[in-house]
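A.B. asks:
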Amino acid sequence: MQSDYEQTLSFKISADDDGNRLDKMLVSLDSGHSRSYLKKLIEDGKVLVNGVVAKKGSMTVHKDDEIVLEVPPATELSIEAENIELDILYEDSDVLVVNKPKGMVVHPAAGHYSGTLVNAIMYHCKDNLSGINGVLRPGIVHRIDKDTTGSIIICKNDMAHRSIAAQLKEHSINRIYHAICYGIIEEDELTIEGPIGRHETDRKKMSINYKNGKEAITHVKVLKRFYNQKMTYIACKLETGRTHQIRVHMASKNHPLLGDEVYAQGRKSKYKLEGQCLHAMVLGFVHPRTGEYIETVAPLPDYFKHLLDILD
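Residues 11 to 322, numbered by our numbering, are exactly what the sequence shown covers, in order.
Set out below in structure tokens:
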């Protein structure tokens, strides 16, 4: 008899994890599924605890609890492919690395069902995209913000998706961003550490959150100081990859990014910018099939180069 599920994962809660939340345990699994997709599986009754359907992700699990995760087959994509030009940095039969422009949303969501990177890669890749993250995020294993430019990797099959997801979880992918921030950073290099989680009062923002945040580490290197403009050009190497990590960490040191309309509140840019001045320049990873180290470099966008000329 054919199963209704594409994949069934089961595991027992260890003594070390006794008393933790169910959703946190699912996220800690190396399943290749996003946090939001796992949340939806719980809401859809696809997660069992000791044979009983879990009603909410916040439920507490205990030592020796048996957790079963039933992943349904990927459904047919309902988002339309669109012929949108892509700036391709690397491509083979398993992965695609794209230089995302400013203003482009990575995947469809409320208010953005067309013109996204997903719409573009569906046209470019046809049926060759991993389906692990569901119909709205085919091929997407990580993302960058709408107004952040630069490198993003697309997975063309589930094997590649699981491999890249594992590398992201292990923090072994080399990700270096370039940015311009307010203020003069005196140190040539510094490391910013501070757990990042949802802001306690503004749920649309992230913040340093010692109670509910996840470990976050950003290594910052000063590239150039613009003393007259009181700004600094920096490179940020991510050791972890939390939502808005660089933006939150820099703001926490009183050096928010130029143009950041969320975390640089009260500092109005005199330059015409569309959001934060942040570019994902370097992306390095181990190829899922060959084991070879691949590194791409996304050139700075024109607006960024022009801004550097003005500040100099």
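Glycine included, C-beta positions come from ideal geometry on N, C-alpha and C.
Being a predicted model, the structure only gives us computed values, none of them experimental.
Under DSSP, the beta strand (DSSP E) around E199 begins and ends at which residues?
C.D. replies: In the sequence shown, the residue the question calls residue 199 occupies position 189. From DSSP, the beta strand (DSSP E) with E199 extends over 199-203.
A.B. asks: Among L178, I186, G149, T158, which residue has its Cα nearest to the Cα of D168?
C.D. replies: For this step, residue 168 is matched to residue 158 along the sequence shown. Measuring from the Cα of D168, the nearest candidate turns out to be G149.
A.B. asks: If you follow the beta strand (DSSP E) that S279 is part of, which residue opens it and which one closes it?
C.D. replies: For the purposes of this step, residue 279 is identified with residue 269 of the sequence shown, where counting begins at 1. Segment: none, S279 is in no beta strand (DSSP E) and carries neither H nor E.
A.B. asks: Who pairs with S140 in a beta bridge, going by DSSP?
C.D. replies: Translated into positions along the sequence shown, residue 140 becomes position 130. Per DSSP, none; premise fails for S140.
A.B. asks: How is the alpha helix (DSSP H) around V133 delimited, first residue to last?
C.D. replies: Residue 133 sits at position 123 when you count from the first residue of the sequence shown. In the sequence on display, residue 133 carries Tyr and not Val. Start and end: 127-135.
A.B. asks: Are the beta-carbon atoms of I256 and Y187 separated by less than 7 Å?
C.D. replies: Translated into the one-based positions of the sequence shown, residue 256 becomes position 246. Translated into the one-based positions of the sequence shown, residue 187 becomes position 177. It is a contact, given that the beta carbons lie within the stated cut-off.
A.B. asks: Count the other CB atoms within 10 Å of the CB of K240; is the residue buried (16 or more) or exposed (fewer)?
C.D. replies: Mapped onto the sequence shown, residue 240 falls at position 230. With fewer than 16 Cβ atoms within 10 Å of its Cβ, K240 is classed as exposed.
A.B. asks: Counting pairs of Cβ atoms below 8 Å between the region 60-78 and the region 285-292, do you hit three or more?
C.D. replies: The region 60-78, when compared against the region 285-292, does not touch it at the 8 Å Cβ threshold.
A.B. asks: Which class does E86 belong to by DSSP, given the choice of helix, strand or coil?
C.D. replies: On the sequence shown, position 76 is the one that residue 86 refers to. Residue confidence is low: E86 scores 48 on pLDDT, short of 50, so the model does not pin down where it sits. Its coordinate-derived value is still stated next. DSSP places E86 in coil when its eight states are reduced to three.
A.B. asks: Compute the distance between the beta-carbons of C165 and H265, then report whether it is under 7 Å.
C.D. replies: As a first step, residue 165 must be located in the sequence shown, where it is residue number 155. As a first step, residue 265 must be located in the sequence shown, where it is residue number 255. Taking 7 Å as the Cβ cut-off, C165 and H265 do not qualify as a contacting pair.
A.B. asks: For H209, tell me which candidate among G223, M132, Y281, G141 has the shortest Cα-Cα distance.
C.D. replies: For the purposes of this step, residue 209 is taken as the residue at position 199 of the sequence shown. Of the listed residues, the one whose Cα sits closest to H209 is G223.
A.B. asks: Assuming L96 contacts H152 under a Cβ cut-off of 8 Å, what Cβ separation, rounded to an integer in Å, is found between them?
C.D. replies: Reading the sequence shown from its first residue, position 86 is the one you call residue 96. Reading the sequence shown from its first residue, position 142 is the one you call residue 152. About 17 Å separates the two Cβ atoms, so there is no contact after all.
A.B. asks: Considering only DSSP beta bridges, list what L293 is partnered with.
C.D. replies: Within the sequence shown, the letter at position 283 stands for residue 293. Bridge partners of L293: R185, T306.
A.B. asks: With a Cβ-Cβ cutoff of 7 Å, do R252 and A226 count as a contact?
C.D. replies: Looking up residue 252 in the sequence shown gives position 242. Looking up residue 226 in the sequence shown gives position 216. Yes, they are a contact pair.
A.B. asks: Who are the Cβ neighbours of L178 in its own chain at under 8 Å, not counting the five residues just before and after it?
C.D. replies: On the sequence shown, position 168 is the one that residue 178 refers to. Here the set comprises V151, H152, G251.
A.B. asks: So, with DSSP's three-state summary, where would you put K214?
C.D. replies: Working through the sequence shown from its first residue, we reach residue 214 at position 204. Coil, per DSSP.
A.B. asks: Going by C-alpha distance, which of D137, H117, N138 is nearest N129?
C.D. replies: Start at 1 with the first residue of the sequence shown, and residue 129 comes out as number 119. Minimum Cα distance to N129 is reached at H117.
A.B. asks: Grab me the residues of I94's own chain with a C-beta within less than 6 Å of its C-beta, minus the 5 sequence neighbours each way, in chain order.
C.D. replies: Your numbering for residue 94 matches position 84 in the sequence shown. Excluding sequence neighbours, I94 sits near A130.
A.B. asks: Under 7 Å, do T306 and V107 count as touching if we go by C-beta distance?
C.D. replies: On the sequence shown, position 296 is the one that residue 306 refers to. On the sequence shown, position 97 is the one that residue 107 refers to. In contact: T306 and V107 (Cβ atoms closer than 7 Å).
A.B. asks: Please state the DSSP three-state secondary structure of P153.
C.D. replies: The residue labelled residue 153 in the question sits at position 143 within the sequence shown. In the sequence as displayed, the identity of residue 153 is Arg instead of Pro. Of the three classes helix, strand and coil, the one that applies to R153 here is coil, per DSSP.
A.B. asks: Going by C-alpha to C-alpha distance, which of A64, L139, A91 sits closest to E101?
C.D. replies: Here residue 101 refers to the residue found at position 91 when the sequence shown is read from its first residue. Nearest C-alpha to E101: L139.
A.B. asks: Once you ignore the five residues that flank K263 on each side, which residues in its own chain have a CB closer than 7 Å to its CB?
C.D. replies: Here residue 263 refers to the residue found at position 253 of the sequence shown. Excluding residues within five positions, the ones whose Cβ falls inside 7 Å are I202.
A.B. asks: Based on the DSSP secondary-structure assignment, which residues constitute the bridge partners of N167?
C.D. replies: In the sequence shown, counting from the first residue as 1, residue 167 sits at position 157. According to DSSP, N167 bridges with nothing at all.
A.B. asks: Does DSSP put S124 in a helix, in a strand, or in coil?
C.D. replies: Here residue 124 refers to the residue found at position 114 when the sequence shown is read from its first residue. Looking at S124 - three-state DSSP - the assignment turns out to be coil, as it is neither helix nor strand.
A.B. asks: Nearest-angstrom Cα distance between L317 and D157?
C.D. replies: Taking the first residue of the sequence shown as 1, we reach residue 317 at position 307. Taking the first residue of the sequence shown as 1, we reach residue 157 at position 147. Between L317 and D157, the C-alpha separation is close to 16 Å.
A.B. asks: Going by DSSP, what residue range makes up the alpha helix (DSSP H) through M1?
C.D. replies: It is not possible to answer for residue 1, since the shown part of the chain is limited to 11 through 322.
A.B. asks: With DSSP as the reference, identify every bridge partner of T18, one or two as the case may be.
C.D. replies: Here residue 18 refers to the residue found at position 8 of the sequence shown. Answer is E80.
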